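Colleague: Submitted below is the structure of interest, expressed as structure tokens.
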Amino acid sequence: RYSRVVLSRPDLRWISPHPPLRFLRPDFVWIPDTTEDDWGGVYDRHIVMPRSAAEHILAGWQLLTSGKAYRMLLRTFGRDIVLRGNDTNAERWLATRLIV
Numbered sequence: 001r002y003s004r005v006v007l008s009r010p011d012l013r014w015i016s017p018h019p020p021l022r023f024l025r026p027d028f029v030w031i032p033d034t035t036e037d038d039w040g041g042v043y044d045r046h047i048v049m050p051r052s053a054a055e056h057i058l059a060g061w062q063l064l065t066s067g068k069a070y071r072m073l074l075r076t077f078g079r080d081i082v083l084r085g086n087d088t089n090a091e092r093w094l095a096t097r098l099i100v
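Take a look at the structure:
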């Protein structure tokens, strides 16, 4: 059984080698800071995470299709903000799941 999960888009182009896992704390989620491409949320093209965090990070679609996402957003941000409009994208949705 693996202790970490690595999520990486297949079209991601690395311009330098990936940091060795031994340099990344095993109890933290590691997300590269690109200073762009986060679109107001959290960069979602490459993530190294402990196995225990995988369900929270990878369950976005399940939360959306089950209706749990709406309830989570209401609890987190309140009715006025949630119903005002929707400018959510994949990066903001990931940031929301990480703070809840």
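In this text, residue positions in the sequence shown follow this note's numbering: the first is 1, and each later residue adds one.
Here a beta-carbon is modelled for each residue, glycine too, at the ideal position from N, C-alpha and C.
For clarity, every value in this text was computed on a predicted model and none was experimentally measured.
Classify D44: buried if its beta carbon has 16 or more other beta carbons within 10 angstroms, exposed otherwise.
Modeller: buried
Colleague: I'd like to know if the segment 19-32 and the segment 78-91 are in contact, where contact means that at least 3 CB-CB pairs between them fall below 8 Å.
Modeller: Contact fails: fewer than three Cβ-Cβ distances are below 8 Å.
Colleague: Between which residues of its own chain and P20 is the CB-CB distance below 8 Å, once the five residues before and five after are set aside?
Modeller: none
Colleague: Any idea what DSSP makes of W61, helix, strand or coil?
Modeller: helix
Colleague: Just the C-alpha distance for V42 and G60, rounded to the nearest angstrom, thanks.
Modeller: 13 Å
Colleague: Count the other CB atoms, across all protein chains shown, that sit within 10 Å of the CB of I99; report buried if there are 16 or more and exposed otherwise.
Modeller: exposed
Colleague: Give the single residue among A54, V6, H46 whose Cα lies nearest to the Cα of W14.
Modeller: H46
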